[in-house]
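Q: With full-length UniProt numbering as the guide, the letters of the sequence shown map in order to residues 1 to 129.
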Amino acid sequence: MADLVLKTARKAFDLFAEGWATGNFEPYIALLADEMTFWFPTGAHRGKFEGATGRQKMIAKCQDHVAAGDRLTLHPPQHILTDGDSVMFEFEADGLYADEPYKGHNAIAFEVKADKIVGFREYFGDLGA
Numbered sequence: 001m002a003d004l005v006l007k008t009a010r011k012a013f014d015l016f017a018e019g020w021a022t023g024n025f026e027p028y029i030a031l032l033a034d035e036m037t038f039w040f041p042t043g044a045h046r047g048k049f050e051g052a053t054g055r056q057k058m059i060a061k062c063q064d065h066v067a068a069g070d071r072l073t074l075h076p077p078q079h080i081l082t083d084g085d086s087v088m089f090e091f092e093a094d095g096l097y098a099d100e101p102y103k104g105h106n107a108i109a110f111e112v113k114a115d116k117i118v119g120f121r122e123y124f125g126d127l128g129a
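1. Mind checking G19: buried by the 16 CB within 10 Å criterion, or exposed?
2. Take S112 and list the residues in its own chain whose beta-carbon comes closer than 6 Å to its own, dropping the five residues that flank it on each side.
3. Which complete beta strand (DSSP E) runs does the UniProt domain "SnoaL-like" (16-118) hold, if anything under 3 residues is left out?
4. Output the distance between the C-alpha atoms of P27 and T73, rounded to the nearest integer angstrom.
5. Could you tell me the distance, in whole angstroms, from the CA atom of E50 to the CA atom of H79?
6. Can you check which of these residues, A2, G23, K48 and D14, is closest to Y97 by C-alpha distance?
7. Please go through the same chain and pick out, in chain order, the residues whose beta-carbon is closer than 6 Å to the beta-carbon of K116, but skip the five residues on each side of it.
8. Taking the CB atoms as reference points, tell me whether R71 and G95 lie closer together than 8 Å.
9. Assign R121 to one of three DSSP states: helix, strand, or coil.
10. Using a Cβ-Cβ cutoff of less than 8 Å, which residues in the same chain neighbour R55 once the five nearest sequence positions on both sides are dropped?
11. Is the beta carbon of F89 less than 8 Å from the beta carbon of F40?
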């Protein structure tokens with residue numbers, strides 16, 4: 001079970017990173033469960049959302065980044081922490097965000113059930129570009 005959780009979370013991280021780099025989040029979105037928890041700390045998507053609304057908010061966040069032309073490189077994780085069904089990736093990212101250069105230190109936690117993402121939590125700090 002632990003191997004499947006880590007494998008699924010790693011796939012989600014890699015597809016999420018690919019979405020940021022290319023603007024195509026569809027492969028990542030395909031990994032999301034029909035109902036999930038989405039937690040984001042700031043901006044238009046700030047809050048904690050559950051169920052189908054959580055999934056809708058996660059998708060909206062991805063679509064908004066595509067529409068804005070945001071492009072980031074999510075660098076290989078510096079740390080990967082696991083606890084049961086939760087896997088957290090700590091990494092640096094840089095690129096263009098909100099029409100400004102961005103460089104940040106980020107952590108994203110995925111909750112996994114079977115082979116789907118049922119939870120997403122993101123934490124970040126801007127390191128200055």
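Using N, Cα and C, we set each Cβ at its ideal position, and we do this for glycine too.
Please read all numbers here as calculations on a predicted model, not as lab measurements.
A: Considering the structure as presented:
1. Residue numbering aside, residue 19 sits at position 19 when the sequence shown is read from its first letter. It counts as buried.
2. One-based indexing of the sequence shown puts residue 112 at position 112. The sequence given here has Val at residue 112, not Ser. So the qualifying residues of the chain are V5, T8, A9 and D85.
3. 32-40, 47-49, 71-74, 79-83, 86-97 and 100-113
4. Counting from 1 along the sequence shown, the entry for residue 27 is found at position 27. Counting from 1 along the sequence shown, the entry for residue 73 is found at position 73. Cα to Cα, P27 sits roughly 17 Å from T73.
5. For the purposes of this step, residue 50 is taken as the residue at position 50 of the sequence shown. For the purposes of this step, residue 79 is taken as the residue at position 79 of the sequence shown. Approximately 27 Å, taken between the alpha carbons.
6. Walking along the sequence shown from the start, residue 97 turns up at place 97. Nearest of A2, G23, K48 and D14 to Y97, Cα basis: G23.
7. Walking along the sequence shown from the start, residue 116 turns up at place 116. A33.
8. Taking the sequence shown and counting its residues from 1, the one referred to as residue 71 is at position 71. Taking the sequence shown and counting its residues from 1, the one referred to as residue 95 is at position 95. Yes, the Cβ-Cβ distance between R71 and G95 is below 8 Å.
9. By 1-based counting over the sequence shown, the position of residue 121 is 121. Three-state result, R121: strand.
10. Position 55 of the sequence shown, counted from the start, is the residue given in the question as residue 55. Correct list, in chain order: L32, A33, D34, E35, M36 and F38.
11. Counting from one through the sequence shown, the residue named residue 89 turns up at place 89. Counting from one through the sequence shown, the residue named residue 40 turns up at place 40. For F89 and F40, no; Cβs fall outside 8 Å.
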